[in-house]
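Residues in the sequence shown are numbered consecutively from 4, following my numbering.
Think of the CB as a built atom: it goes at the ideal place given N, C-alpha and C, for glycine as much as any other residue.
Below is one structure, written out as structure tokens, with a few remarks after it.
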Amino acid sequence: ARQKGLPAKLLKLLKRVIDFYHTAFCEDPRARQYLNQRGITDNTLLSDYKIGFANGTLL
């Protein structure tokens with residue numbers, strides 16, 4: 004039978020990417036400031052949806 008969904012290896016990689024960008028969001032005050040200026044201040048929302056931030060370190 005054919006397995007539905009993404010392969011486990013790909014899911015593991017995607018989780019690492021999500022964690023990287025979410026950590027960047029949590030550690031960079033510019034990211035929080037950006038959302039605060041737009042009225043997005045719900046910490047539960049930000050953590051539940053793993054909001055991320057591209058801080059330019061991979062360029």
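Quick one, which of the options has its alpha-carbon nearest residue i's?
| i | options | result |
| --- | --- | --- |
| R1 | G8, F23, L61 and G55 | The requested residue 1 is not part of the displayed model; the chain covers only 4 to 62. |
Can you give me the start and stop residues for the alpha helix (DSSP H) that residue i sits inside?
| i | result |
| --- | --- |
| A11 | A11 to E30 |
| D51 | N46 to D51 |
Please report how far the alpha carbon of residue i lies from the alpha carbon of residue j, in whole angstroms.
| i | j | result |
| --- | --- | --- |
| Q82 | L14 | A question about residue 82 goes unanswered here, because the residues of the chain that appear run from 4 up to 62. |
| P90 | G59 | No information on residue 90 is available, as it lies outside the stretch 4 to 62 that the chain covers here. |
| L38 | T26 | 16 Å |
| G8 | L17 | 13 Å |
Below 6 Å CB to CB, which residues in the same chain sit around residue i once its five sequence neighbours on both sides are set aside?
| i | result |
| --- | --- |
| T44 | none |
| S50 | none |
| I21 | K53 |
Should residue i be flagged as near chain B, meaning a C-beta pair shorter than 9 Å?
| i | result |
| --- | --- |
| K7 | Among the chains of the structure shown, chain B does not appear; only one protein chain is present. |
Using a Cβ-Cβ cutoff of less than 8 Å, which residues in the same chain neighbour residue i once the five nearest sequence positions on both sides are dropped?
| i | result |
| --- | --- |
| L48 | I54 |
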